[in-house]
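Student:
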Amino acid sequence: MGISNMDKCKELSILYSALQPREGEYLPAYFYRVSAYANWLTPKELLSYFGASDIGRKETLLPYWIIRYAYSENQPLDEKTVFAQHTEFKFWQGYIAPLRFKRYLNSQLESHRTGRVLFKGESVLCKHKVVKGCPFCIAEDKSKFGFAYWRAHHQIPTIFTCQKHNQPLYQRATDHSNYSQKDFTNLTEIKISELHTWLERETKALLLLPGFDARQYVKDAKKRLSDTILTMPFKTHDFNKEWRSALAQLLQPLYCLSVSENDKLASALYLNPMNVVDVDSEVHPVVFLLLKYFISRKRDAL
Amino acid sequence: MNKVTYERRTSSSVKTLNPLITILGDTLDFEEFCAELACEPHLSPDFVSAGSIGRKRLLEKKLYLPNTQAFAVYKKVHELIQLGYENRNPVDADYDKYLHQVPINTIRLDELAAPDIVLNSGTSLFITGRSGLGKSETFLRTLPLLPSVALQTIKTDNRERVLTQVVWIKTDVHPKGNRRSLLMSIVQQIDKKLGTHFAAQLNPRQSVAMHLSTVTKICRMVNLGLIVFDESQWVLKANASNSVSAVTTQFFELLFNCLGVPLIFVGTEEAVDVLQMGSPQTVRRLTNAGHMKLLEISREEPEWEHLINIVFTHYIGIKSTKITPGFLKEMHYYTEGNISRLKRMALFIIERQEVKREALDSNFLYDVYKTVFQYESDLKSSYQKPDTALGGKSTKAKNVNRNNTKPQNAKDVSNSRAAAMKAMQELSKLQSNGYF
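So the protein lines, in turn, are chains V and Z. So in the working numbering, spot 9 of the first sequence is number 577, and the numbers just go up one at a time. So in the working numbering, spot 332 of the second sequence is number 336, and the numbers just go up one at a time.
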């Protein structure tokens, strides 16, 4: 005779207490670690402890189950710490209006909708996500804890060096579910280019800011960029065309994709530059940053 | 359930306090140990009014006099649990290492790493002794002196987690049990203590290797401190035919390596014979923390006189003046200093006295002895009455197989057969003389 989820609470409580997330551990990877450890339980059974029914859509920045986890009383951290330390929240918090984010959380918590996304282009970019790790952190973790863990900070799409060791990260394409210990061995070093350095510098400035300031910083940046576009001595049509082809080239070093896949991704992500810089539009931060880089290079060329 | 809160110490120079060890407390000294465990119902005022049935019940089920051997076992158990927890301090990073380094599915014995794969947490001890010496009872009574289950609140890296600690479990090896049932019994014992349902999650369709991996993880998650395997004499010598499912010495070796929990194997002396037939590596691993041999009470020990005094004056009701050195010797001769045998004889005497009061002379005792132990193969001959037998050198009681377990070699077989034949002849003689 099987046992109900209610009866499993005690076992799950013992499991999650023993295997708590490490400091800064990326939450999807943590869940993968717990799931691999407790391989006698299904993911559904494991998530039931936090009130989530299943893993839901993977191609989002903040999946439904992570929100349930953050607000669950069965884990020791408050939701702000969960978002800030265990997801890429700090990276994208400035790009979304607080009210809109609150509405998103409420709709996820109350109506159990799993299809929603926060930003335009989020689904395609998350689908082609790369996993990144620092070989020095991996070696240190393995000797200290007996296993290595994926850090949330390294998973930010525009971070390419380890903040602790100041060394380039290693990366690998993922189907967004591979975070096993085996996967640490199959990474290749990121060749740090000028684009990488620029993106990382921009991102780090934003990461240091608290929520309200980050929002203001992004607003100001979008406004400045909008003004710059308007003052550019190009025809709109030509400028848009140029941006379209530049987008594919700029995405190439960031994602481990074949040429055709990269082109597909670029066309899926393409948006009119004025839409990207619109203060009220919620475009994925990577697209905005790439446009900013593209314009800064154009301006330098003039 | 004990609830204790611990925090990481700030000073790195001080060795971090291990809450899993602290919960054990200090060991009791011998006096405290005796005071905790001694069960002497005859000292209770109600004992006088207990009838013969009541006295028999109290003698069989309640009377317990702790001795130095039980104390040595208690000390060793305490030490072993402490040793096991030494390298798994939840306040340190090593704890995570212990949790995650679980040897899994594809493990092969010849590929096993040295036992220190789990940071020396899996130390093991063999405790042997003849049947009826009170080995199991010693564990049943001494283990509850240690805390059983505790909840520990650990604060590390500004986080708090509540860890469950099961200090010890005791399970039996069954003569016809297999590996799966043994693993299941470990989890069932954990479930019994915690009120969990881990056993229901062991899928019977999965392989033994998968079960072992799951059981290992469960044991580590609940911070299990010790497993006592009673009746270890039922473990078989590993061979080609039983290498898949039977509980063999090799499987115990695998358990030792995988679980990372101290193990105590309790069994009769046959368990040692089986163990010695294994490889030196098996012997080394399974007796990692040593081998303790429990012995019968010696005739000269004051403990024996004390025990006989209590049993015969309080439970059987003879005068203390009747307990002479000769009587003590006689009883020792029949019972061989074995508490279980003494209790069996005493119970039968109480039963006989109910029908007809008889003097407890040598003939009576011999008669009781013959009746109580009539099916035992090494029945003492009627021609070697205690008085003569105790004087001779050759009649000293031998340690022979008393557990209906199979003898280990051809010589033993012929000896035990000869003894059985002799006993049968004596029995028929006694019957013809009208003893029964």
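Even glycine gets a Cβ: it sits at the ideal position worked out from N, Cα and C.
#1: For V:L583, which residues of its own chain have a beta-carbon under 6 angstroms away from its beta-carbon, when the five flanking residues on both sides are left out?
#2: Please give the ranges of any alpha helix (DSSP H) in the stretch 616–689 of chain V, keeping only runs that are unbroken, at least 4 residues long and fully inside the region.
#3: Taking 8 angstroms as the cut-off, does the stretch 92–101 of chain Z touch the stretch 149–167 of chain Z (at least 3 CB pairs, one atom from each stretch)?
#4: Using beta carbons (cut-off 7 angstroms, strictly below), is V:W608 in contact with chain Z?
#5: Under 7 angstroms, Cβ to Cβ, is there at least one residue of chain V near Z:R165?
#6: Would you say V:F752 faces chain Z, with C-beta separation under 7 angstroms as the test?
#7: If the criterion is Cβ atoms closer than 7 angstroms, does the pair V:F752 and Z:D100 meet it?
#8: Could you pull out every residue in the same chain whose Cβ sits closer than 8 angstroms to the Cβ of V:T655, ignoring the five residues on either side in sequence?
#9: Report yes or no: is there a C-beta of chain V within less than 7 angstroms of the C-beta of Z:T218?
#10: From the DSSP secondary-structure annotation, give me the bridge partner or partners of V:K697.
#11: For V:Y738, which of helix, strand or coil comes out of DSSP?
#12: Restricting to runs no shorter than 4 residues, where is the alpha helix (DSSP H) found entirely within the stretch 755–785 of chain V?
#13: DSSP three-state call for V:D795: helix, strand or coil?
#14: Does Z:N109 have its Cβ less than 7 angstroms from a Cβ in chain V?
#15: Please state the DSSP three-state secondary structure of Z:I327.
#16: Measuring only between beta-carbons, confirm whether Z:P23 sits less than 7 angstroms from chain V.
#17: Spatial neighbours of V:D806 within its chain, please: C-beta separation below 6 angstroms, excluding the five flanking residues on both sides.
#18: Near Z:C38, what residues of its chain come up, given a Cβ to Cβ distance below 6 angstroms and the 5 sequence neighbours on each side ignored?
#19: Give me the Cβ distance between Z:T175 and Z:V81, rounded to the nearest whole Å; I'm assuming they're in contact under 8 angstroms.
#20: Report the three-state DSSP secondary structure of Z:S249 (helix, strand or coil).
#21: Is there a Cβ of chain V sitting closer than 7 angstroms to that of Z:F202, yes or no?
#22: Please confirm whether V:G779 has its beta-carbon closer than 7 angstroms to some beta-carbon of chain Z.
#23: According to DSSP, is Z:A154 helix, strand or coil?
#24: Would you report the Cα separation of Z:Y379 and Z:V372, rounded to the nearest angstrom?
#25: Count Cβ pairs between the stretch 663–672 of chain V and the stretch 845–858 of chain V that sit closer than 8 angstroms; are there 3 or more?
#26: Which same chain residues, not among the five before or five after Z:H318, have their C-beta less than 6 angstroms away from its C-beta?
#27: Is the distance from the Cβ of Z:E300 to the Cβ of Z:E340 below 7 angstroms?
#28: Quick check on Z:D96 - is its C-beta less than 7 angstroms from some C-beta in chain B?
#29: Distance, Cα to Cα, V:T726 vs V:T771?
#30: Use the C-beta contact count for V:F802: other C-beta atoms within 10 angstroms, 16 or more gives buried, fewer gives exposed.
#31: Applying a beta-carbon distance threshold of less than 8 angstroms, which residues of chain Z neighbour V:E579?
#32: Which one or two residues does DSSP pair with Z:T175 in a beta bridge?
Tutor: The short version:
#1: A606
#2: 632–639, 647–654, 657–660, 666–679
#3: yes
#4: yes
#5: yes
#6: no
#7: In this structure, Z:D100 does not lie closer than 7 angstroms to V:F752 by Cβ.
#8: Y594, L595, L629, L630, I634, A720
#9: yes
#10: DSSP, once it has assigned bridges, lists no residue as partnering V:K697.
#11: strand
#12: Listed in chain order, they are 762–775.
#13: helix
#14: Any reading at Z:N109 needs caution, since the residue's pLDDT is 43, under 50, leaving its predicted position unreliable; the model's value is listed next. False, the Cβ-Cβ gap to chain V never drops below 7 angstroms.
#15: coil
#16: Z:P23 does not count as touching chain V.
#17: none
#18: Once the five neighbours on either side are set aside, the close Cβ partners of Z:C38 are P70.
#19: Contact doesn't hold; Cβ gap of about 15 angstroms is too wide.
#20: coil
#21: yes
#22: no
#23: strand
#24: Here the C-alpha atom of Z:Y379 lies approximately 13 angstroms from the C-alpha atom of Z:V372.
#25: yes
#26: H46
#27: Taking 7 angstroms as the Cβ cut-off, Z:E300 and Z:E340 qualify as a contacting pair.
#28: Absent here is chain B; the protein component of the structure consists of chains V and Z.
#29: 7 angstroms
#30: Classification for V:F802: exposed.
#31: T200, H201, F202, Q205
#32: Z:F233
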